[in-house]
Amino acid sequence: GNSVTQMEGPVTLSEEAFLTINCTYTATGYPSLFWYVQYPGEGLQLLLKATKADDKGSNKGFEATYRKETTSFHLEKGSVQVSDSAVYFCALSDPTAAGNKLTFGGGTRVLVKP
Amino acid sequence: GAGVSQSPSNKVTEKGKDVELRCDPISGHTALYWYRQSLGQGLEFLIYFQGNSAPDKSGLPSDRFSAERTGGSVSTLTIQRTQQEDSAVYLCASSLSGGGGTDTQYFGPGTRLTVL
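Chains as they are written, first to last, in my numbering: chain V, 148 to 261; chain F, 12 to 127.
#1: Could you say which of V:Gly204, V:Gly254, V:Ala244 and V:Val259 lies nearest to tyrosine 59 of chain F if we only look at CA atoms?
#2: Compute the Euclidean distance between the alpha carbons of serine 105 of chain F and leucine 193 of chain V, then round it to the nearest angstrom.
#3: Are the stretch 90 to 107 of chain F and the stretch 164 to 180 of chain V in contact at 8 Å, needing three or more beta carbon pairs?
#4: Closer than 6 Å by C-beta to asparagine 247 of chain V: which residues in its own chain qualify, once you throw out the five before and the five after it? Chain order, please.
#5: Going by DSSP, name the residue or residues bridged to threonine 89 of chain F.
#6: Taking 6 Å as the limit between beta carbons, can you name the residues of its chain near aspartate 231 of chain V, skipping five residues before and five after?
#7: Would you check if the distance between the CB atom of isoleucine 224 of chain V and the CB atom of threonine 212 of chain V is smaller than 8 Å?
#8: Out of curiosity, what's the CA-to-CA distance linking glutamate 210 of chain V and histidine 221 of chain V?
#9: For the structure I just gave you, are there three or more beta carbon pairs, one from the stretch 66 to 85 of chain F and one from the stretch 112 to 120 of chain F, closer than 8 Å?
#10: Under 8 Å, CB to CB, which of the residues in the stretch 184 to 197 of chain V have a partner in chain F?
#11: Less than 8 Å separating the beta-carbons of leucine 88 of chain F and tryptophan 45 of chain F?
#12: Determine which residues of the stretch 229 to 243 of chain V have a Cβ less than 7 Å from any Cβ of chain F, and write them out in chain order.
#13: Keeping to the same chain, check which residues put their C-beta closer than 7 Å to that of methionine 154 of chain V; ignore five residues upstream and five downstream.
#14: Can you tell me the Cα-Cα spacing of glycine 27 of chain F and alanine 233 of chain V, whole angstroms?
#15: With 7 Å as the limit, tell me which residues of the stretch 12 to 46 of chain F have their beta carbon closer than that to any beta carbon of chain V; keep them in chain order.
#16: In three-state DSSP terms, what is glutamine 95 of chain F?
#17: CB lysine 199 of chain V to CB tyrosine 177 of chain V, shorter than 8 Å?
#18: Who are the Cβ neighbours of leucine 160 of chain V in its own chain at under 8 Å, not counting the five residues just before and after it?
#19: What are the complete beta strand (DSSP E) segments, minimum 3 residues, inside the stretch 167 to 215 of chain V?
#20: Check whether the Cβ of phenylalanine 76 of chain F lies closer than 8 Å to any Cβ atom in chain V.
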């Protein structure tokens with residue numbers, strides 16, 4: 148079956164540091180890949196997505212590139228802010244399945260200190 | 012515009028009681044999903060609706076769990092004879108069509124269920 152593995156946290160950084168969160172997946176076929184973010188006290192929201200190999204998703208200074216050869220979708224940001232403190236979830240959906248159900252990784256908590 | 016709403020935001024119940032959780036999706040979204048977020052299991056898919064039908068119920072953990080959707084809109088997740096392991100945050104999401112693998116899902120704030 149499909150699965151997503153992402154690095155465990157917490158990840159603690161200083162403001163303006165570089166952030167990478169690793170995500171790898173196992174899937175049949177060609178899934179779409181997503182990063183969702185959950186800010187403290189808020190619901191899950193889509194951060195970025197990529198739907199085919201070599202696509203780059205980007206939003207709010209975050210980027211992730213769909214790498215089919217390494218089955219990865221690592222999230223990066225060049226200079227984090229305190230407001231980026233959140234839990235980040237990597238997810239995939241199987242376009243061949245009924246509906247668009249998401250398979251999530253375990254989440255990575257990021258704490259950015261001033 | 013209005014996002015996905017869920018009620019109640021918090022629910023505390025006693026073991027063995029039944030609970031109903033409600034989801035109001037974004038207007039016009041035909042696809043609706045229920046997920047569960049718990050400490051031990053992470054974020055898990057429960058059920059998917061397309062309109063009022065549920066083509067994928069594969070994530071429902073036991074026959075104590077059921078869900079329905081009416082009028083292509085509101086959905087109710089019912090847990091009968093609740094157990095302590097049912098304690099979790101139940102998330103609802105909706106998307107425009109649910110097809111193609113690219114549709115964005117919009118999540119509600121969740122219902123935190125605590126079973127004593």
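All residues carry an ideal CB built from backbone N, CA and C; glycine is no exception.
If we stick to the structure as given:
#1: Within the second sequence, residue 59 of chain F is the residue found at index 48, counting from 1. If we check each option's Cα against that of tyrosine 59 of chain F, V:Ala244 comes out closest.
#2: The sequence position of residue 105 of chain F within the second sequence is 94, counting from 1. The sequence position of residue 193 of chain V within the first sequence is 46, counting from 1. Whole-angstrom Cα-Cα distance: 12 Å.
#3: no
#4: Position 100 of the first sequence holds residue 247 of chain V. If we look at asparagine 247 of chain V and ignore the five residues flanking it on each side, its Cβ neighbours are Ser240.
#5: Here the question's residue 89 of chain F lines up with position 78 in the second sequence. Paired residues: F:Glu31 and F:Ser77.
#6: Locating residue 231 of chain V in the first sequence gives position 84, counting from the first residue. Excluding sequence neighbours, aspartate 231 of chain V sits near Val259.
#7: Locating residue 224 of chain V in the first sequence gives position 77, counting from the first residue. Locating residue 212 of chain V in the first sequence gives position 65, counting from the first residue. Checking the displayed sequence, the identity of residue 224 of chain V turns out to be lysine instead of isoleucine. Going by C-beta atoms, lysine 224 of chain V is not nearer than 8 Å to threonine 212 of chain V.
#8: One-based indexing of the first sequence puts residue 210 of chain V at position 63. One-based indexing of the first sequence puts residue 221 of chain V at position 74. The straight-line gap from Cα to Cα measures roughly 8 Å.
#9: no
#10: Glu189, Gly190, Leu191, Gln192, Leu193 and Lys196
#11: For the purposes of this step, residue 88 of chain F is taken as the residue at position 77 of the second sequence. For the purposes of this step, residue 45 of chain F is taken as the residue at position 34 of the second sequence. Cβ atoms of leucine 88 of chain F and tryptophan 45 of chain F: closer than 8 Å.
#12: Phe236, Ser240, Asp241 and Pro242
#13: The residue given as residue 154 of chain V occupies position 7 in the first sequence. Excluding residues within five positions, the ones whose Cβ falls inside 7 Å are Ile168, Asn169 and Thr255.
#14: Here residue 27 of chain F refers to the residue found at position 16 of the second sequence. Here residue 233 of chain V refers to the residue found at position 86 of the first sequence. Between glycine 27 of chain F and alanine 233 of chain V, the C-alpha separation is close to 35 Å.
#15: Ala42 and Tyr44
#16: Position 84 of the second sequence, counted from the start, is the residue given in the question as residue 95 of chain F. The answer is helix: DSSP assigns glutamine 95 of chain F an H, G or I state.
#17: Here residue 199 of chain V refers to the residue found at position 52 when the first sequence is read from its first residue. Here residue 177 of chain V refers to the residue found at position 30 when the first sequence is read from its first residue. Cβ distance < 8 Å, so lysine 199 of chain V and tyrosine 177 of chain V count as in contact.
#18: As a first step, residue 160 of chain V must be located in the first sequence, where it is residue number 13. Counting only Cβ-Cβ distances below 8 Å, and skipping sequence neighbours, we find Leu166, Val227, Val257, Leu258, Val259 and Lys260.
#19: 170 to 173, 179 to 185, 191 to 197, 203 to 206 and 209 to 212
#20: Sequence index remark: in the second sequence, residue 76 of chain F carries index 65 (1-based). Chain V, which has no Cβ nearer than 8 Å to the Cβ of phenylalanine 76 of chain F, makes this no.
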